[in-house]
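Note sheet for the following structure.
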Amino acid sequence: MQTELSGQLGIERAVFGFTPFPAVAAAISRAGGFGVLGAVRYTAPDDLRRDLDWLDAHTGGRPYGLDVVMPAKKVEGVSEADVEAMIPEGHRRFVRDTLAAHGVPELADGEASGWRITGWMEQVARTQLDVALDYPIRLLANALGSPPADVVARAHDRDVLVAALAGSARHARKHQEAGIDIVVAQGYEAGGHTGEIATMVLTPEIVDAVDPLPVLAAGGIGSGRQVAAALTLGAQGVWLGSLWLTTTEADLHSSALTRKLLAAGSGDTVRSRALTGKPARQLRTAWTDAWDDPAGPGTLPMPLQGLLVAEALSRIQKYEAEPLLGTPVGQIVGRMTAERGVQEVLDDLTRGFEEAVDRINRIAGRSGPS
Ligand SMILES: Cc1cc2nc3c(=O)[nH]c(=O)nc-3n(C[C@H](O)[C@H](O)[C@H](O)COP(=O)(O)O)c2cc1C
Numbered sequence: 001m002q003t004e005l006s007g008q009l010g011i012e013r014a015v016f017g018f019t020p021f022p023a024v025a026a027a028i029s030r031a032g033g034f035g036v037l038g039a040v041r042y043t044a045p046d047d048l049r050r051d052l053d054w055l056d057a058h059t060g061g062r063p064y065g066l067d068v069v070m071p072a073k074k075v076e077g078v079s080e081a082d083v084e085a086m087i088p089e090g091h092r093r094f095v096r097d098t099l100a101a102h103g104v105p106e107l108a109d110g111e112a113s114g115w116r117i118t119g120w121m122e123q124v125a126r127t128q129l130d131v132a133l134d135y136p137i138r139l140l141a142n143a144l145g146s147p148p149a150d151v152v153a154r155a156h157d158r159d160v161l162v163a164a165l166a167g168s169a170r171h172a173r174k175h176q177e178a179g180i181d182i183v184v185a186q187g188y189e190a191g192g193h194t195g196e197i198a199t200m201v202l203t204p205e206i207v208d209a210v211d212p213l214p215v216l217a218a219g220g221i222g223s224g225r226q227v228a229a230a231l232t233l234g235a236q237g238v239w240l241g242s243l244w245l246t247t248t249e250a251d252l253h254s255s256a257l258t259r260k261l262l263a264a265g266s267g268d269t270v271r272s273r274a275l276t277g278k279p280a281r282q283l284r285t286a287w288t289d290a291w292d293d294p295a296g297p298g299t300l301p302m303p304l305q306g307l308l309v310a311e312a313l314s315r316i317q318k319y320e321a322e323p324l325l326g327t328p329v330g331q332i333v334g335r336m337t338a339e340r341g342v343q344e345v346l347d348d349l350t351r352g353f354e355e356a357v358d359r360i361n362r363i364a365g366r367s368g369p370s
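Residues in the sequence shown are numbered from 1 upward in steps of one, following UniProt numbering.
Okay, structure coming up:
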């Protein structure tokens with residue numbers, strides 16, 4: 001599973017792993033892939049510094065990267081309190097009623113909600129960037145838009161490659177114009193924020209649109225066969241997010257959630273605005289059903305929705321309120337049926353990839369060159 005890009009980065013397998021967990025990112029890099037730590041939850045620079053210290057000490061000198069979220073639409077000059085004040089009371093009531101209907105207890109006094117809006121704000125992403133550029137990261141990835149020119153320039157000054165996620169060829173071309181180095185073509189099947197085009201259609205479109213920029217295929221990839229398909233479509237590697245959620249190194253803080261993921265089929269996700277206000281693929285739950293119900297108040301735009309539901313999500317997670325409990329995850333969840341270590345996952349991808357390539361070679365050999 002080696003390509004020009006994996007050679008450039010000095011990794012053995014062209015598998016890039018997005019994960020919110022430092023232990024998973026480190027294990028991916030140690031196993032010869034490329035671990036990318038998601039920074040959105042780090043609203044305090046010291047927390048990010050602590051985890052990057054740890055990551056840097058546990059990758060065995062292998063390269064790794066960081067993913068920040070700088071939305072194309074900026075939320076600047078507005079405080080969290082300003083945004084808070086824009087949330088209608090009816091929506092707050094709906095959150096309270098939905099939690100009450102499922103008997104979810106309150107958080108204890110002073111217990112902060114884990115997930116904050118501020119990770120979506122450009123000034124916070126910039127603080128994350130300031131911290132990250134003190135570390136020998138090899139890649140900076142940006143979700144939800146093209147990174148600003150000065151960010152690209154700062155990364156390039158430090159020899160850091162810049163990647164950005166794209167859900168359409170138009171977005172990919174915008175990224176190319178912004179001077180980035182790698183496009184992640186992320187299809188509709190993916191966990192997290194997604195567009196409307198499937199990976200099978202999107203990948204070759206983006207490969208052609210941004211040629212000669214390297215493209216990574218993302219969305220719905222969980223086996224070596226799918227890695228082989230992605231490379232056949234012209235990608236220089238794959239970018240996986242969901243598959244790591246059920247690895248033994250992941251820390252979901254909830255065994256009930258792990259059980260739900262392992263039991264879910266490929267039809268058990270939904271692309272819903274319930275989490276952030278933008279369409280994001282996640283497990284379908286009583287929570288997403290409530291928000292997507294036409295009888296409800298409907299979701300608010302980003303960043304209001306994220307702020308509105310932050311505490312509720314902490315409560316649901318803390319008390320493992322099973323019907324409401326969910327996470328961003330893609331359709332590949334249907335193939336995530338057992339907890340495995342990261343090394344085993346990568347070995348399995350490699351084995352499956354080699355078998356797929358052998359099979360294609362046999363087929364091509366049998367039919368003869370046309
Ligand atoms: C739990 C979870 C959280 C995610 N959060 C982010 C994020 O903060 N930034 C980002 O660029 N992508 C995020 N993604 C998307 C991944 O980077 C990746 O594109 C996607 O998971 C690939 O598709 P797959 O889920 O089918 O592997 C997230 C995905 C998951 C599953």
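Cβ atoms here follow ideal geometry from the backbone N, Cα and C, with glycine treated the same way.
Between residue i and residue j, what straight-line distance do the alpha-carbon atoms span, to the nearest angstrom?
i           : j           : result
residue 146 : residue 103 : 42 Å
residue 352 : residue 165 : 26 Å
residue 223 : residue 29  : 18 Å
residue 332 : residue 169 : 23 Å
residue 58  : residue 270 : 35 Å
residue 354 : residue 236 : 16 Å
residue 135 : residue 211 : 30 Å
residue 94  : residue 305 : 12 Å
residue 356 : residue 230 : 12 Å
residue 202 : residue 50  : 37 Å
Going by the beta-carbon positions, is the gap between residue i and residue j smaller than 8 Å?
i           : j           : result
residue 335 : residue 248 : no
residue 55  : residue 25  : yes
residue 128 : residue 217 : no
residue 191 : residue 198 : no
residue 310 : residue 291 : no
residue 133 : residue 163 : no
residue 257 : residue 285 : no
residue 266 : residue 288 : no
Tell me the DSSP secondary structure of residue i in three-state form.
i           : result
residue 282 : strand
residue 40  : coil
residue 365 : helix
residue 253 : coil
residue 269 : strand
residue 183 : strand
residue 104 : coil
residue 370 : The predicted position of residue 370 is uncertain, since its pLDDT is 44 and thus under 50; a value taken from the coordinates is nonetheless stated next. In the structure shown, residue 370 sits in coil (DSSP, three-state: anything other than H, G, I, E or B).
residue 326 : coil
residue 17  : strand
residue 338 : coil
residue 240 : strand
residue 229 : helix
residue 3   : coil
residue 248 : coil
residue 10  : coil
residue 195 : coil
residue 217 : strand
Examine ligand 3 and report whether any of its heavy atoms sits within less than 7 Å of the Cβ of residue i.
i           : result
residue 317 : Annotation note on ligand 3: not contained in the displayed structure, which lists ligand 1 as its ligands.
Problem - Every unbroken beta strand (DSSP E) within the segment 55-96, with a cutoff of 3 residues, ordered by chain - result: 64-69
Practice task
Any chance you could list the alpha helix (DSSP H) runs of at least 4 consecutive residues sitting entirely within the segment 107-164, in chain order?
Solution key: 122-132 and 149-157
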